Every structure is written in structure tokens, then in C-alpha cells.
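Chemist: Heads up: the protein sequence lines correspond to chains A, B, C and D, in order. Just so you know, we're using full-length UniProt numbering here: the first sequence kicks off at 1 and counts up by one. Just so you know, we're using full-length UniProt numbering here: the second sequence kicks off at 1 and counts up by one. Just so you know, we're using full-length UniProt numbering here: the third sequence kicks off at 1 and counts up by one. Just so you know, we're using full-length UniProt numbering here: the fourth sequence kicks off at 1 and counts up by one. Below: one structure in C-alpha cells.
Number of protein chains: 4
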Amino acid sequence: MIDKHLIEAQNASRHADLEADYDALGTRLARRGVDIEALTTRAAGFDVAVPSWGTGTGGTRFARFPGKGEPRGIMDKLDDCGVIHALTAATPRVSLHIPWDKEDPALLREKAEEVGLGFDAMNSNTFQDQPDQAHSYKFGSLSHTDAATRRQAVEHNLECIEIGQQIGSTALSVWIGDGSNFPGQTSLSRQFDRYMEAMGQVYAGLPDDWRLFSEHKIYEPAFYSTVVQDWGTSLITAQELGPKAQCLVDLGHHAPNVNIEMIVSRLIRAGKLGGFHFNDSKYGDDDLDSGTIDPFRLFLVWNELVELEDMPGLNLSHMIDQSHNVTDPIESLIVSAIEIQRAFVQASLVDRVALEGYRTENDALMAAATLRAAFRTDVDPILQMGRLRKGAAIDPVAAYRSSGWRAGAAKTRPAVAAGGGGIV
Amino acid sequence: MIDKHLIEAQNASRHADLEADYDALGTRLARRGVDIEALTTRAAGFDVAVPSWGTGTGGTRFARFPGKGEPRGIMDKLDDCGVIHALTAATPRVSLHIPWDKEDPALLREKAEEVGLGFDAMNSNTFQDQPDQAHSYKFGSLSHTDAATRRQAVEHNLECIEIGQQIGSTALSVWIGDGSNFPGQTSLSRQFDRYMEAMGQVYAGLPDDWRLFSEHKIYEPAFYSTVVQDWGTSLITAQELGPKAQCLVDLGHHAPNVNIEMIVSRLIRAGKLGGFHFNDSKYGDDDLDSGTIDPFRLFLVWNELVELEDMPGLNLSHMIDQSHNVTDPIESLIVSAIEIQRAFVQASLVDRVALEGYRTENDALMAAATLRAAFRTDVDPILQMGRLRKGAAIDPVAAYRSSGWRAGAAKTRPAVAAGGGGIV
Amino acid sequence: MIDKHLIEAQNASRHADLEADYDALGTRLARRGVDIEALTTRAAGFDVAVPSWGTGTGGTRFARFPGKGEPRGIMDKLDDCGVIHALTAATPRVSLHIPWDKEDPALLREKAEEVGLGFDAMNSNTFQDQPDQAHSYKFGSLSHTDAATRRQAVEHNLECIEIGQQIGSTALSVWIGDGSNFPGQTSLSRQFDRYMEAMGQVYAGLPDDWRLFSEHKIYEPAFYSTVVQDWGTSLITAQELGPKAQCLVDLGHHAPNVNIEMIVSRLIRAGKLGGFHFNDSKYGDDDLDSGTIDPFRLFLVWNELVELEDMPGLNLSHMIDQSHNVTDPIESLIVSAIEIQRAFVQASLVDRVALEGYRTENDALMAAATLRAAFRTDVDPILQMGRLRKGAAIDPVAAYRSSGWRAGAAKTRPAVAAGGGGIV
Amino acid sequence: MIDKHLIEAQNASRHADLEADYDALGTRLARRGVDIEALTTRAAGFDVAVPSWGTGTGGTRFARFPGKGEPRGIMDKLDDCGVIHALTAATPRVSLHIPWDKEDPALLREKAEEVGLGFDAMNSNTFQDQPDQAHSYKFGSLSHTDAATRRQAVEHNLECIEIGQQIGSTALSVWIGDGSNFPGQTSLSRQFDRYMEAMGQVYAGLPDDWRLFSEHKIYEPAFYSTVVQDWGTSLITAQELGPKAQCLVDLGHHAPNVNIEMIVSRLIRAGKLGGFHFNDSKYGDDDLDSGTIDPFRLFLVWNELVELEDMPGLNLSHMIDQSHNVTDPIESLIVSAIEIQRAFVQASLVDRVALEGYRTENDALMAAATLRAAFRTDVDPILQMGRLRKGAAIDPVAAYRSSGWRAGAAKTRPAVAAGGGGIV
């Protein structure tokens, strides 16, 4: 793992500047009636889960260009996740994808403990065929026209729950690629009926203290229709399944121009928001690093979450879900966790008393200015101080780079050949 | 009105060709196992309501360029609607917009009877201020922060119901422009709470045999957020209000790329589809003539409606809702009614037995081909024969043009000055 | 106008805090190798033109809700623009729209001098009909099928040049709404030929020291096709017309998801970027206040402008072009000018040496982080200090509100009735 | 190959019905002044190239689900393409992708002759790494920051030309995935400069009778910026390179809502339209079968092509470019070729004299109706008769299915394992 001394040495060289910046920010915030210490404590309480698969280099249907020292399996991935958490103190849990991460649960628990991590929601995979699989998912899984195929998909989800129970997970995220590529290919209504029937069987196998997350996505891999295409269908799904079913919002899964923070607000009101898959996007489900394309949108989502954080029963499960095609995945996950945390802290800075006053008076200009004032506050000193106090790195990427972790991994982990993508 | 003799003379000159085309199509359909007579009867049973305001020339925020012989008020509008129905036999009802169409109900009934029409859903208007209005809707209506403004909007809706009861309407359509132009301007959650409270008061005033239609729209006139921005929120609205509340789908009110026929399918399944506002669009809520931009999309919507038409309790209310900026509105409404009817008939032609077979076998290519075979069948002879048999025009636009109706109207109705739009 | 003593008094109360913030920021920037004084000087050199029509309340096709003390004509509008510049020291020029702002040039010059302003690009208007107009623009203007209508539109543009010459303007912006609402309505190719022929006649009348700006827009008010629908067509237009013709980019005139900064880069390379119309948008041409929806996008546009600012021959003309529907237009223009200036200063902060290094090494993560580090720097102290030193207000909105300007205007300028929009 | 007797037997069973349908259509068209025989001759003259890679099952970044009897290499692919042409008589040329299709040119020519095909444009591939490649394209190819990588990409393109010359091709299509995933990752301007320099080197190697096609695409595989992101940049590219460079339009490579037929019109006017990559799409570059999502859009594109077909110098190169994920690729290519041909014939049916009359009078309604009348004419009998007369199949899919081709291929071609896609 990352040497604690290295982190301390790095931090020592940055400490004085940080103190100066922290004091200057504290003075400025005090003028606005904000106690920087309270905010730093709040920032330190933030965390977001990391997806095991995010530690490998991602790709597109055109190609995958692997990086150096790619993780060979879940044990390597847990090592990588441990590095991220050691440097950020913000990612204490890993989310597994089955069957990619299938392994003896005892070994998983042991490894996780070793690297200081716990397990988040389980993810099932019925959008790919596995070598030993009886029925193909080419034409669907939980909503397939064939009952045996649906049953196979249900059983796979039940197995994910079973594995999850053995490693301390308490949630199952279900995202399926089922849909169609041609108008007419499927009955939009009956396909959904089949989906609901299968999901009911999964739900029936859910332990009492577990939650089932329904995740919508407008398109891809299906290019004409998708069974759970939007939050409306996801809401219906969660409503019909029961109280343990909730909706997961992935920031990249919407139609162009859609106001996502509005969806957040509606799902919270309906008692059905379960959490997020964070990433950023410009065109489709681009799975880019959080906060790199439209940081203000990320802030607006967090603004809703903070405004409504006292809603009774709200219990959100946050995860990063990105595809790191051109960066070191560990670095991207580090930076993304920090960007999500940044938006949370900025949203926590909003002067909500003033905001409500402006809203009541329909003073649109000052209400909007109030949000922007919080957004443009550079909260880096708060995030850095929070990390320092928790023993993580003031500058995690710099520390990671000086650690030589990736070069070390490249020595023990064999190089992987470039992949051809799906179009060939 | 349009002289019956004119229609008959026009039809006489086209009769022989129509018979030949009808026979040829009948032969071809018989080969596919379709009885053309049954289809013609079905086509003849189709109707769609016309919006009173659609008879005037529409405009944009940049300008409105009036046409000749614009209707001066609701009485002129009813005359125009009478012309449309006389020529198409497909638009037996008119939908009123209050206060634009406010008039003595007895006179309305009398005039409607004179021109052979009934009344469809009532439309309230809280997106504009009227000269005598106590509270402005600049910052909202049913969801305004001010209780008195909300009350005013509720009372306006109740008045619409009252007027509607006196003229035989049994539905109220509620579409509001409430929302915000700036992130932060309103509380997305509390604005919706206020909306739901006000809608509850409207719903409470709904007669037992009435329905309340909730209509969503992604944006415009609000450009950052809209209270009822999508079908998910519209569904929640209808669910909370009660069994008499249903959702209205306007084809132009969605985000880019959205699969509208999927929304249709989901709302029917949820028992909450109330009907449609038909139009076509390429960019935003363009309110173009139905079937002129993407006729296959219109067909796919009808394909869902026909596939699910036997769902218990389904009772759809269809209306045209367009803005006719560069055409004679009467002509656009005639052609649009026919295009909607065309899609209905094409969808009725789908070989559903074959389609289900292909779907079961996941024969995507043939399933899609089955839909397209129905879509590309030129059903004009069926539509024309249906009109002929009901005493309407084989070619309604040609008959309208030879009638000289517009020139006549231009003589009795004074010219209107060009308008400046909203941007000045 | 705004009392100088009021501004001074307001500034006095904020001076000490500003000095402290400025020093803290200066220290922090020095650590990054940035001289705050050089940046403040650069910020002070920034300016952007204000549109005369932006001082009135805007509207949509649904309604226009006027504010208090609306300007009655160009003289009032110049007063309002004078207020904006007095408070921000960033908007020294006004852009006129003819015929809206038609007035004796001598009076215009006199008034402008009185309020401390000059004149920016002239804007012609052939998207509306004027009361005394011989030919209607309902079906087009510069591209109309009728030669006399095109000639009328050309002459109007030539008149705009003539007026502009008398008041010191040196540019003409041409944006037309010509296009079509139906596939087939116009010949896409011949309509453009007619447009180019007419534009050639306008260009021929351009004085040697003038520029002609071609502005593209994807849609609205035409909803199927628009003659100059994108930057490709605008580029062809400018290429064919000649060296005095350049392209204007309005941030809200593109298709969803389009990368606008890429267009900026391409037009600069082609030697054809003439300037900007700044605003922000979420859906269509929403004309919202600059920097309120996606401030990072505004920053990325400025990042291109700063990166390429030394390109030979680059001479950009910047203007705000917004529709202020729910705010005091003076306040929106103040805030927008500052947000545009903010993005310029943030872009000026980018460590370009480091950035180029990362780009050369394909260190995508650090290259992106370098941009974000500049974006999240809170440059408010620099903007405020720049204003203070130029005699403008540290907090212009606060100063404006305490001045009572709007209430004063409401006394002398009569109230305006709410408008109905274009849809009635 | 497909047995000629099988085709004849199939045709015999459909001949009588076809004659009847053809006669009925002929009568109807004659009434509109259209000679069906002239149209059938015109239809028979239509052809479109087939992409070699389209004969394999496509996939997404999530998975690829292979079909039965997948082609093992270019020889199998040519066999499959031969089947398509034998059944449709509409696809006489194949487009190769190098290095996927690299093979001894003599063998390629021999095989092509055997199956009755010629070769269309060559396609280079610098969006994937090949096993033996010196420099990786992970961070770009023709626009890479590293000169050696750019040189390698240039040489690959030159090799494609060389191979093409040996097999009778006369065009090179260049599409690259170069771009960036993060704002800041690349210099938008210098990346394009490097691209242009490299393209200049490719262009310099182009034989006199060859053309170079530049193909734009808004995004994917790069998700923030793409070097040739739109037709504007593609136009600049072709303008700078010289007269042998032209632009290729892929129907799925545009931003949402974009009016593609307008782009077609503009490129033809600029003398720079080289041809098309046909497919259909609903969301992004979905690569669905032509005419299955929005057949009217396909018709509108053809309407421009037909309207402008007499433009001097116009010489278009048409190809299908699709990803067949859930169908038998041979069937999809058959149907797609026919759908493209259908749109061409429908567009040829437009009454252009009447259309121009309506346009001149600004009779938008009748102009639009004139286009729609052509679009809704069921030209199947014309397409079928054209095939019959050329010895191809009246119903190619039915003939293909009865031929047992796929089952035969599955016997000789070994099964392929399902692929994992790029995301793992």
C-alpha cells in the first residue's frame, strides 16, 4: 500500500501554505456567517463508494487501450481501491460487479480489511454472456421472451444477493440493457410486464435489511427502446416492488437538456431516491470524470440533496460510476471523489436563510446569485484540511505519483493487449 | 358554411378514380388477409378535437404575421371549426380556452349546434395576465409563492369547469407555464408542493363525471425549470389527485431523442393516460402540423394505442394543438386531422398475429418489417372513401379552396395588424 | 444618473474587506506565479457592449410581463445603459436595433455623450413587419422568393449602415429569421442563393472601415429549416462575401450538446470570428443571463479566446444578448457583464506553460486539472478592485438598489400593459 | 452462392401478384403524369456500396453477441456481400477496411470477380491498435502530439491507397476518432493544425483519379471534443486539401435535432459533397438499419440529392455503414439497400414543377403536401419489378431464408465466442 510516511512527508511540505489559505478562507466565510470548522467537520463526514471495475482502463465499442499495471482481478482491484481511500479518506467502500468480481467471500472480506475498505451495493450483470451460460442475453435478460432465460437472470441476481450477504453488503443495484434496436422488435408493454414479474422474484429474495436499486438509462446498449428508459419507469418499478425498492440516478443516463436536479427533487418527494452513480457527460452516457464537464450541474444536484437532507427516511447510497479511457484510473477516481465532495461542500455553503427570503419575494436575481456565491467559493482549503486531519494527503495525486504505485504494479501485473471493441 | 352542393360536385369529379384506387387497394389488402371494408368503417369511427385558438394565425416571440379573415372571437372560431368538420367529418368537437373564448354559454351551445359541433375539454389559462386581474402570474400561478395568487388561479380553473358544465364538456386540461429561469430562483420541491395543494383544490371542484388532465412540458415559457416537466411528474400528479386525474401527452413537450411511444405504453399500463395533444416538432415545442416532420413517429404512437386499445378502462381524449404561423389555419387543421387519422388507420393495418410471432422468436428484422409494411401502405383511398360516405370531401383542401371561404371571411372580418412578439 | 457620492459611500463601506480579500488572493496567486496586479489591470481592460433592447423586459410567445419603469424609447434605454456602465465600468458601448431605436442621430450622439457611452454594432430587423412596410416578411426577407421584398430588406440594412455611420458605429450584425416551417416549403439551396445575392448587395454598401457580422441560429422563429442554421453556413457566407465579413457566435444558437469552444477555435483559425453574443441557455435559445446555467462552458469559450488572443488580425466584438423576463433588466445586464468578465479573468489565470507541458505528455488528468484550477479561483476581489479603481461600484447591484433608480423611473415612465405573446 | 434457380422459383410464385400491383400503381401514377416504366428504369440504375465489416455481427462497449456462421475473414465477407448483391442487384461494390481486410490483392480481385462484385472506397483504421504496431493511437493518430505516431498513421493511409489501387478502388475515406475526453486535454486549435498537416501528406499521395473523403462525427470514441466534429470542420478540411478532397456525410454523426438535408444542400453548393454513409439512429451514432427509425428523414435527404442531381460535377459515392447487433447482417444489409433505394425512388416521384409553383407562391401547405404525396406512394412494385428484371429476387429476404445460406455458413464457419465489449 501507500507508505504513510510518504503521505506525511508530502503533507509536511504543504502544511504552512494550507494553514494560510485555510485562515484566509475562514476569515472570509466568517464575514458571511459561516463557521469554517463546522464545514470542515461536515466535509470530513462525506464519503462515496468506488466501483471495482473503475480501476481498470475502460474502452468504447471502437477500442480499449489498456494502461500499465492493470489489475488482474478483484484482489488487485481492491488493492487499487485501498490506495484511493488511503489518499483521499473519502472512499471507504467498494462496489462489486458479479461475475467479474466473483471470489471466495472469506478472501474478499480478508482483503478488504487489509486495505481498510468495506463493501457497498452489489451489481449484477445480465448484459453480457458468460462462457458457461445456458441462455444468451442477446435478446434480453430479465425481460426476455423466454421464461428460462428470465429465470437464469433472476437466479443470477439472487446469487449476487447471497454473495453480498457474506461480505456485508446491504443493497443490490439492477441495471439491465434490455430493450430493442428496431421499432416493432418487442412489445413495449409486455416486455415491461415480463421485467416486473422477474424483478418481483428478485425482490422476494431480498433480505429485510437490504435495498434494491432500480437504475434507468435512456439508451445504450439498446438503441431504439430501453425497458427502464427514464425515471418515470424507474419510479413505477420501485412503487410496484415495495418499500425496499428505490431509484438510482446515474448522471449520464438522461436525454439531452434534461433538468436532473428536478428529478432528484421529485424522487425524494416520492420517497424513492436511493442514491447516485456519479460521473459527467457531454453527449450520451460518456462516463467521464465527475465534475469535469459541467461542475455547476453537479453542484445543483448537491444543492437539492443538501436542501432536502432532513427529509424523513432519506438514506442515500452514493457511488462513482465512470469509464477511465485515457487516464490512470486510480488518479481519475481520486480526483472524482474530491470533485463530488467539493460540490457537496459548496452546496453546504449556500446561505439558505437568505435564499428562502429571495425566493419568497421572487427576487430571482439575488436567489440565483446566492447559489453562485456558494459555488464559486474555492473550498479547496477545507477539503485539504479535512484530508490532512484524517491522515490522508493534502494533494492526493501528487502523493500518488511520488509513491511510484503504478510503476510498481506494472512490474507485478503483466501487460494486457489492446482490445478491439465491439464493432469488429 | 360550406355549401353541400360544392362538396358533392367536387366529389363527383373524383369519384371514379377513387373507386378504382379503392378496389386496387382492396385487392392488395385482401391478399394480406385484411378486409378493406372493415378498415374503412374503423377509419370512419375516428375523430379528433380541434382547438378553438388553432383557427387564428399563431406566432413566435419574434413576431406574429396575421392572415386574411382572422376570426374575431369565439363565434368566428366556431364557424371555422364547422368548416373543418364539414369537409373532413373527423373533427366533431371543439376545445375552448378560457378566458379567450368566454361567452354566454347559451350562445356557445346555439352556435355549436348551428355548425354541427360539440365541446371537448376545457382549457384554463394562467400563463398570461388579463387586464382586470388582481394578481400577476409573472412569477407563477398555481404554484406561486403567494397564496392569494394561487387562490386566484384555482378559482379560474373552477370557473372553467363551471362554464364547461354549461356547454357539455366533461374534462379540464391544466397546463401551466410555472417554473423558473434561474437555478435557485425557486425551491423545486416546495414549488411542486404548492402546485399539488392548488391542484387538489381544483380536483375537489371536479364533477363526478369529469376528468382532469395534467399536461407536462419540458420547458417554455420557463427556461430553467418547469413544475410539471415530464411524464414522471405528471404521473405523480395524477396518482396523488385521484382516479379522475389523468395525464395528457403533447407530442412536442419532450426532451430531444425521447421515445414517446414508450411513455404512451407506460402511462396506459399505469392506468393514467388521458389523451393527446397532437402536433409535430423538430427542435422544441414547435407546434407544427401533425405528421409533417416525422410521420413514422406519429405512426409508432398510434401503434401503441392500437396494440393496447382493449386495455380495460382506456378512454382517450384526442386533440390537435398546433400553431399555424405560415398557413391558412383551417387548411392546416384539415390536413392535420387527416394525417392523424392516417396514422391510426396505418396502425390498424399492422398484422398483429405475425408481429407477435416474430417477437416471440426475436426475429427483429421481420418484426420491424411488419410495422413498416403497414406504415407504407397508402391508405388514402380508405380515408377518402370514408369521407365520401359521410358526406365530407374526398379532397377537403381542394373543396375548401374552391369554396372561397377565406376570401369571404376576409370581407366580413377586419384585417388585424402584425404583432411584435414578446421580445421587444 | 447614479450619484457618484452614492457609489463612493457604498464602496467606502466595503473597502477594508476588499483590501483583505485582495491581499489574501494576491498571496495565493503569487505562490502560483501569478501577479495579481497584472491581472487586475487586464481585467480593467475588459469591456462588452450592451444591447439597447435588453433594457426592456423580454417575453415569450406565451406572454410578456412588463416590469416597473420600463424605458419608453431609445433615450430612456440609453439612460439605463448609462447606469449599467457607471456601476460596472465594463459596458462602454450600446448596440442599436433599427427601427426600434430610430432617432435623430445628433440626438443619439448627444445623449450617448451625456451618459458616457459610445455605439457598438448596428442591428437590422427583418423578422418583424413594421406598420408602414410595403412588403411583408411573413415568408422571408433577404431570402424571400419575391425580389421586391428582398430589395426592401437590403435597403433596410443599408439604412442601418447609414445611421450607424452618423453615430460612430463600424459594424452591422445581420441575423434573419428566414427559413421554413415545413419540409418542402422552400428550396433549401435556392433560398440560400437568394440570401447570398441580397447579402452581396448589403456588403457592397459597407464602408471600408466597417465589418459585417453573419449570425447563425439553428431554429426559431423558423421551425423546420433556417437559412443560416449553423456556423458552417455562416462561414460560407463570410467567405463568399469578402474580408470585411465575419461570423458572430451567439452562445444559445446551437444544437444540443454541441461543443461551442471548438467552433470558436475553428472560426479563429479560418480568420472569420468576428465576435460574440453572450447569454446562457439550457434548452433552446433561452437567452438567459450569462454564466447562470453553465458557467464552465462560458469559461471554456474564454479559454479559447485567451489561448488564441495573439492570432494575427483577431479583433473581436462582444455583446450581451439576453431576454430578461423575470428580473430588473438593468440588474441582469450588470450581473451578466460581470460574469463574462469573470470568465475572461479566470481564463487569463490558466497556467499555460504547465498546460502545454501536460498536453505534450498526454497527461489528460493534469491538463484538465490545470483548467479547473483557474476556473475555481474566486476572482471576485480582482473584479471588485478593478471597478473600485475605475470609480465604479464594488457591489454594483447593491449600489443600484440603494440608488432607487427603478423607483424613480417608475414615476416618470408610465406603466405598460402586459402583452399576450404570439400564440393568441 | 445463392442458386439462381431458387431465385427464379421464388419469383415465379410472386410474379402474378407483382404484375397486378405494378399495373395498378402504373395507372395511379399515370394519373399524376408519371411514367412508371421510366421510374423503374431509374430505380434499376440505383446502387449503394456495402461495407465488408457490416457482414459481421456488431456490438457495443457492453458486449457483442455473435451470430451463427460469422465470416472468418475478408473472403467469407466477400461471399456474404455476393449473396446480398445476387438477391438485390443493388449492391455491386464492397468497401474494405484496412487492416481488417488485408489480403493479397490478386486474391481479392479474383474472389470479387467470382461473386460478381467490385471495390468501393478504401477505409483506413487508426482508431485501434494492431498487435504489431510501433506507436499507440490511445491519444490520437493523424493529430497525435507525437510526430512519429502521426507519420505512422499517414503511412497507414498511404498503404490503404496502395492496396486500393491494386483492386480498382478510387477513393479513400478518412474517419478518425481523435479528440479528447477532458476540457483542456488537447489544444483544440493545434490538434487540428497537426491533423491538417498529416492529411496534407495523405492527400499528396493520392493518385490523380482518386478522391479523399473527409468524414465528420460529433462524438465517440472521444467524449469531450473530436477533431472533425461537424460538417463545418469537414468543409474547411476539404477546402484546404484541394479539389480531390470532399466531405462524406454519415447520417448518424450529428448533434440532436440537426437538419441534415440542409447540410447536404450546403455541401453540394460548395462543391464538396462526396457521398454518404447510410444508416439510421435515434440517440447517438446508433448505426441502426437505414430507414427503420425515421424514414421521412431519409426521404428528405434524397429529396435534396434528386433536386440537385444536375449540379455540375456532382459525383456521389454511397455506402451503407451500420452495426448489426441483433439481426442476421446479410438480411439487414439487404433490407437497408432496399430502403435507401425506396427513398431514392420516392424522391424521384416528387412533382417538381408543382412544387416549385407552390414555393414561388409561398403556399407552404401544398408544397409540403407535394413532398408527402411522393413519400407515401408505396413504390414496392417498382422496386420489385426492377429486381425481377435484373434477375434478382422479388422478395430477397424470403429467398435468402429459403436458400439456407446461414445454416450452411454455420457448418463451415466455426462459432465465435461472445465478446466482452470495451467496458470491462
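Ideal Cβ placement from N, Cα and C applies to all residues, glycine included. It should be emphasised that the depicted structure is a prediction, and the values quoted were computed from it without experimental measurement.
With a threshold of 8 angstroms between beta-carbons, can R401(D) be considered close to chain C, or not?
Modeler: For R401(D), the answer is no, since every Cβ of chain C falls outside 8 angstroms of its Cβ.
Chemist: Specify the secondary structure class of F296(C) as computed by DSSP and reduced to three states.
Modeler: Helix at F296(C).
Chemist: If the cut is a Cβ gap below 7 angstroms, which residues of chain A does residue 452(B) touch?
Modeler: The structure shown has nothing for residue 452(B), since chain B only spans 1 to 424.
Chemist: Could you name the residues of the same chain whose beta carbon sits closer than 8 angstroms to that of L6(D), not counting the 5 residues immediately before and after it, in chain order?
Modeler: Same-chain partners within the cutoff: A399, S402 and S403.
Chemist: Cutting at 6 angstroms between CB atoms, please list the residues of its own chain near A374(A), excluding the five before and the five after it.
Modeler: Within the same chain, A374(A) has close Cβ partners Q346, L349 and V350.
Chemist: Mapping the DSSP letters down to three states, classify P381(B) as helix, strand or coil.
Modeler: P381(B): helix per DSSP, three-state reduction.
Chemist: Using the DSSP secondary-structure output, state which residues sit across from G275(D) in a beta bridge.
Modeler: Answer is L248(D) and S317(D).
Chemist: Closest by CA to E159(A), which one among S141(A), I176(A), S136(A) and S124(A)?
Modeler: Cα-wise, what sits closest to E159(A) is S124(A).
Chemist: Quick test of your reading: residue 427(A) and F119(A), contact by CB under 8 angstroms. State the CB separation rounded to the nearest angstrom.
Modeler: The question about residue 427(A) has no answer here: the residues shown for chain A are numbered 1 through 424.
Chemist: Which residue's Cα is closest to the Cα of S323(A): F278(A), E339(A), A364(A) and D230(A)?
Modeler: Checked all of F278(A), E339(A), A364(A) and D230(A); the closest Cα to S323(A) is F278(A).
Chemist: Would you check if the distance between the CB atom of W231(D) and the CB atom of G232(C) is smaller than 8 angstroms?
Modeler: Their beta carbons are under 8 angstroms apart, which means W231(D) touches G232(C) by this criterion.
Chemist: Taking the CB atoms as reference points, tell me whether residue 425(C) and L333(C) lie closer together than 8 angstroms.
Modeler: Limits of chain C in this structure are 1 at one end and 424 at the other, which puts residue 425(C) out of reach.
Chemist: Measure the CB-CB distance between I176(C) and L142(C) and report whether it falls below 8 angstroms.
Modeler: Yes, the Cβ-Cβ distance between I176(C) and L142(C) is below 8 angstroms.
Chemist: To which residues of the same chain is W53(C) closer than 7 angstroms at the C-beta, ignoring the five residues directly before and after it?
Modeler: Closer than 7 angstroms at Cβ, skipping near neighbours: H97 and W100.
Chemist: Against P256(D), what residues of chain B qualify as contacts under a CB-to-CB distance less than 7 angstroms, listed in chain order?
Modeler: Going along chain B in sequence order, the residues near P256(D) (Cβ under 7 angstroms) are P256 and N257.
Chemist: Count Cβ pairs between the segment 208-222 of chain C and the segment 40-51 of chain B that sit closer than 8 angstroms; are there 3 or more?
Modeler: The segment 208-222 of chain C vs the segment 40-51 of chain B: no contact.
Chemist: So A44(D) and K390(D) are supposed to be a Cβ contact under 8 angstroms. How far apart are they, rounded?
Modeler: Between K390(D) and A44(D) the Cβ distance is about 6 angstroms, and since that is below 8 angstroms, they are a contact.
Chemist: I'd like to know if M273(B) contacts chain D, where contact means its C-beta is closer than 8 angstroms to some C-beta of that chain.
Modeler: For clarity, residue 273(B) is Leu in the given sequence; the question names Met instead. L273(B) does not count as touching chain D.
Chemist: How long is the line joining the alpha carbons of E307(C) and L39(C), rounded to whole angstroms?
Modeler: Cα to Cα, the separation comes out at about 15 angstroms.
Chemist: Which value, in whole angstroms, describes the spacing of the CA atoms of residue 430(C) and A418(C)?
Modeler: For chain C, the structure presents residues 1 to 424; residue 430(C) sits outside this window and is missing.
Chemist: What does a CB cutoff of less than 6 angstroms around residue 434(B) pick up in its chain, not counting 5 residues either side in sequence?
Modeler: Shown here, chain B extends from 1 to 424; a query on residue 434(B) therefore has no answer.
Chemist: Any C-beta of chain C sitting closer than 8 angstroms to the C-beta of Q128(B)?
Modeler: Closer than 8 angstroms to some Cβ of chain C, the Cβ of Q128(B) qualifies, so yes.
Chemist: Going by C-alpha to C-alpha distance, which of S225(C), L267(C) and G58(C) sits closest to A255(C)?
Modeler: Selected option, being the one with the closest Cα: S225(C).
Chemist: Quick one: which chain C residues come within Cβ less than 9 angstroms of P221(B)?
Modeler: Ordered by position in chain C, the residues that pass the 9 angstroms Cβ test against P221(B) are G59, T60, R61, F62, A63, N325 and G421.
Chemist: From D250(B) to R269(D), what does the alpha carbon distance come to, in whole angstroms?
Modeler: Taking the straight line from one Cα to the other gives about 38 angstroms.
Chemist: Pull up the CB-CB distance for L188(A) and E304(B), whole angstroms please, since I reckon it's below 8 angstroms.
Modeler: Contact flag correct, Cβ pair sits at about 7 angstroms.
Chemist: Closer than 7 angstroms, Cβ to Cβ, to anything on chain D: give me those residues from the segment 268-298 of chain B, in chain order.
Modeler: Going along the segment 268-298 of chain B in chain order, one finds K282, Y283, T292, D294, P295 and F296 with a Cβ nearer than 7 angstroms to chain D.
Chemist: Hey, L78(B) and M122(B): beta-carbon distance below 8 angstroms or not?
Modeler: No, Cβ-Cβ distance for L78(B) and M122(B) is not below 8 angstroms.
Chemist: Among P243(B), A415(B) and G357(B), which one has its Cα closest to the Cα of G313(B)?
Modeler: Ranking the options by Cα distance to G313(B), first place goes to P243(B).
Chemist: Write down the C-beta distance between A367(C) and F223(D) rounded to the nearest angstrom, noting that I regard them as a contact closer than 8 angstroms.
Modeler: That belief does not hold up - the Cβ atoms of A367(C) and F223(D) are roughly 15 angstroms apart, past 8 angstroms.
Chemist: Based on the DSSP output, what are the partners of V50(B) in its beta bridges?
Modeler: Bridge partners of V50(B): V94(B).
Chemist: So, at 6 angstroms on beta carbons, what are the nonlocal neighbours of T186(B) in its own chain, with the 5 sequence-adjacent residues on each side left out?
Modeler: If we look at T186(B) and ignore the five residues flanking it on each side, its Cβ neighbours are S180.
Chemist: Which bits of chain D does W231(C) rub up against, with CB to CB less than 9 angstroms?
Modeler: What W231(C) touches in chain D: D230 and G232.
Chemist: Could you please give the first and the last residue of the uninterrupted alpha helix (DSSP H) stretch that includes S214(B)?
Modeler: S214(B) -> not in any alpha helix (DSSP H); beta strand (DSSP E) instead, spanning R211 to E215.
Chemist: Is T377(C) close to chain A? Criterion is C-beta to C-beta, closer than 8 angstroms.
Modeler: Yes, T377(C) counts as interfacial toward chain A.
Chemist: Hey, F65(D) and D129(A) are a contact pair by Cβ (cut 8 angstroms); roughly how many whole angstroms apart?
Modeler: Right, the Cβ-Cβ distance comes to about 6 angstroms (below 8 angstroms), so this counts as a contact.
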